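Written out below as structure tokens is the structure these notes cover.
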Amino acid sequence: MFPRGLLPSLVLLLSSPAVAEDGVTVRVRCTEKCTVVLDGKRGLRVTDSTWEFKGIAPGSRRVEATGVLGRPFVAGFADIPDVAEASVFLGGNKRIVVERRSTPPPGTPEWAEGEGAKSRTETGAGEKSVAIVRCPEDCTVLLDGRRGLRRDDRTWEFKDVEPGRRRVEAHGGLLNQRLFLGYVEIPAGTEATLYGDSKGNVKLTNHRSVSAAEKARAEAGRKVESHLNVRCQKPCTVSLDGTRRGASNTTSVVLTDVKPGAHDLEVVFTIGKTRRRATLEVPARSEMFVTVSEGGGIQVTNTKALGSAP
1160 MFPRGLLPSL VLLLSSPAVA EDGVTVRVRC TEKCTVVLDG KRGLRVTDST
1210 WEFKGIAPGS RRVEATGVLG RPFVAGFADI PDVAEASVFL GGNKRIVVER
1260 RSTPPPGTPE WAEGEGAKSR TETGAGEKSV AIVRCPEDCT VLLDGRRGLR
1310 RDDRTWEFKD VEPGRRRVEA HGGLLNQRLF LGYVEIPAGT EATLYGDSKG
1360 NVKLTNHRSV SAAEKARAEA GRKVESHLNV RCQKPCTVSL DGTRRGASNT
1410 TSVVLTDVKP GAHDLEVVFT IGKTRRRATL EVPARSEMFV TVSEGGGIQV
1460 TNTKALGSAP
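Using this note's numbering, the letters of the sequence shown correspond one by one to residues 1160 to 1469.
Structure (structure tokens):
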């Protein structure tokens, strides 16, 4: 029980109403380290002073918070609106009202600025984005509770991300401990790069339009592509990685869009249908010359950097 009179105001920041079909996600923040109980149940601790509760029914809900060593901090009721996300700030006896994206009243502490509730319309508006999350070490990342595509040990990619405030969490290390957890605002229609540091923080470090990102990757790919010159002693058909390339019944095929790495080359001679196969390791930005014969098979005769003299 809390002593009589210890009912500081619980300030709830709202946006326009919307239907909360799956319940409201409520984030409760204190001005100090705290433990929060909402309607008698604990939620998920986000930071020492922030707790999250999912699937909360709209209406009047009792909020109780204790500080260090179980000291009573705040107890009272918060009127949860019918929205997608809402934030409750527990600030002692100070009444704080901050409208989202507006200038806060004088004396508003930094921990309460820029927060508020979001309607489902607002959180789902705009084009979907791509999020790339990087960790300081080997990790597993969840964005809004779902896994993405692992690019490497420290990098995860998430496609079709709804713009807006997204929850990013990572675990790693020998004991799979939490590396970082936080909320990041993802701009609409962008490829957003996020970085979580060793102190448990995660933030947006860079973003660009999805089309610009795809164009940059295409240009980067062209800079490392190589040429492959295939010459047959008799008319033949050439396939690379299972796909026929060039004309059939020819003695020369030149491929100018070969990415560096291992490729399977197959040649079928028109007369006799003799097949010759080999795996070629193609360097970046190079020109490789290959000669194919029925008796000698596939032989690499020369490899040089693109643009250099023969």
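Even for Gly, the Cβ is constructed at its ideal location relative to N, Cα and C.
The model shown is predicted, which means the values in this text are computed figures rather than measured ones.
| request: Between the Cα of C1193 and those of V1413, G1229 and N1335, spot the shortest distance and give me the residue it belongs to. | output: Here the closest residue by C-alpha is G1229.
| task | Label G1420 either buried or exposed according to how many other C-beta atoms from any shown protein chain fall within 10 Å of its C-beta, with 16 as the threshold for buried. | result | Residue environment analysis places G1420 among the exposed positions, since fewer than 16 neighbouring C-beta atoms fall within 10 angstroms of its C-beta.
| query | Distance, Cα to Cα, F1428 vs R1434? | reply | F1428 and R1434: Cα-Cα distance of roughly 7 Å.
| DSSP state of A1216, grouped into three classes? | A1216 falls in the coil class under three-state DSSP.
| Beta-carbon gap between H1386 and E1446 smaller than 8 Å | Yes, the pair counts as a contact, with Cβ atoms nearer than the cut-off.
| task | Report yes if the C-beta distance between C1189 and F1232 is below 8 Å; otherwise report no. | result | Taking a C-beta distance under 8 Å as the contact criterion, C1189 and F1232 qualify as a contact pair.
| message | Less than 8 Å between the C-beta atoms of R1390 and S1407, yes or no? | response | With contacts defined as CB atoms closer than 8 Å, R1390 and S1407 fail to qualify as a contacting pair.
| field | Beta carbon of H1366 nearer than 8 Å to that of E1350 | value | A distance below 8 Å separates the beta carbons of H1366 and E1350.
| task | With distances taken Cα to Cα, identify the nearest neighbour of A1464 among P1442, V1449 and G1454. | result | Here the closest residue by C-alpha is P1442.
| task | Report, in whole angstroms, the separation of the C-beta atoms of E1293 and Y1342, which I expect to be a contact under 8 Å. | result | The question names Glu, but residue 1293 is Arg in the sequence shown. For R1293 against Y1342, the beta-carbon gap comes to about 17 Å, at or over 8 Å, which does not count as contact.
| Distance, Cα to Cα, T1462 vs V1449? | Rounded to whole angstroms, the separation of the alpha carbons of V1449 and T1462 is 9 Å.
| request: Mind listing, in chain order, the continuous beta strand (DSSP E) runs of no fewer than 3 residues lying wholly within the region 1325-1394? | output: Counting whole runs of 3 or more residues, the region 1325-1394 contains the beta strand (DSSP E) stretches 1336-1345, 1349-1355 and 1361-1368.
| request: Report the rounded CA-to-CA distance for D1312 versus G1331, giving the unit in angstroms. | output: In a straight line, the C-alpha of D1312 is about 10 Å away from that of G1331.
| field | Spatial distance of L1334 from L1302 (CA atoms) | value | Cα-Cα distance, rounded: 21 Å.
| query | Rounded to a whole number of angstroms, what is the C-alpha to C-alpha distance between E1453 and V1417? | reply | Near 24 Å, if we compare the C-alpha coordinates of V1417 and E1453.
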